[in-house]
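Going by numbering that gives the first Met the number 0, the first residue of the sequence shown is number 0, and it counts up by one from there. Encoded as structure tokens, the structure appears first; notes follow it.
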Amino acid sequence: MNDLTDLQTRLREQRPVPWDQLPDFALYMDQVLSYMDRQVLRFDGDDGLTAAMVNNYTKSGLAPRAEGKKYGREHLAYFTVISVLKRVMSTRDVDLLIREELQGDRPVADGYAAFLTSLDKAMNITADELDARLGSEPLTGDAAADAAIHFALLSYAAGVAVSHCVALLREGKNEKERA
Numbered sequence: 000m001n002d003l004t005d006l007q008t009r010l011r012e013q014r015p016v017p018w019d020q021l022p023d024f025a026l027y028m029d030q031v032l033s034y035m036d037r038q039v040l041r042f043d044g045d046d047g048l049t050a051a052m053v054n055n056y057t058k059s060g061l062a063p064r065a066e067g068k069k070y071g072r073e074h075l076a077y078f079t080v081i082s083v084l085k086r087v088m089s090t091r092d093v094d095l096l097i098r099e100e101l102q103g104d105r106p107v108a109d110g111y112a113a114f115l116t117s118l119d120k121a122m123n124i125t126a127d128e129l130d131a132r133l134g135s136e137p138l139t140g141d142a143a144a145d146a147a148i149h150f151a152l153l154s155y156a157a158g159v160a161v162s163h164c165v166a167l168l169r170e171g172k173n174e175k176e177r178a
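Have a look at this one:
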């Protein structure tokens, strides 16, 4: 299986677990870090969640503080959302979205479920796009470069949309605060 076929398979199959499958017992930091390695799609060891990141996220209010030295289901949901979004957004924007999705008017479980639904759609769209690029031959040379540019441009377009949506959300919050 070539690397792109492996990527395509993982894009179609690997997902964070739903709320009701998150552990319903408290975990220590090392257990959280190990668990999170399975929650997000990763190909190298350099982009995983670290203890320093967890501490920074909780200190800044991006994620709830540990209960003692233990983390529960809610923490895992937060860390999953943060781990995915931090790859494509600033921490400031991630914070705004988390406050809306996970700390807004609905329970964390519902916000997490909405996040997983959107993530699933995005992963399937990307896998479909990759399928259109794969064909029967391995992707090498110019075809690999073309595919890389295609996905970079999709990422750029999505980034523009994200920036606009976040700006609108921030503007709406500012108007509420002024009122």
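For every residue, glycine included, the Cβ atom is placed at its ideal position computed from N, Cα and C.
Query, Result
"In terms of residue numbering, what span does the alpha helix (DSSP H) encompassing residue 165 cover?", "140-177"
"Where does residue 61 fall in DSSP's three states?", "coil"
"So, is residue 12 buried or exposed, given that buried needs 16 or more other C-beta atoms within 10 angstroms?", "exposed"
"What first and last residue would you give for the alpha helix (DSSP H) that runs through residue 79?", "72-84"
"Exposed or buried, which one is residue 199 when buried takes at least 16 other CB atoms within 10 Å?", "Outside the displayed range of the chain (0 to 178) lies residue 199, so it cannot be described from this structure."
"If you draw a straight line from the alpha carbon of residue 176 to that of residue 61, how long is it in whole angstroms?", "20 Å"
"Can you tell me which of the three DSSP states residue 95 falls into?", "helix"
"Per DSSP, residue 69 forms a beta bridge with which residues?", "66"
"Going by CA-CA distance only, name the one from 64, 100, 9 that's closest to residue 119.", "9"
"So which of 17, 88, 15, 26 has the shortest CA-CA distance to residue 162?", "88"
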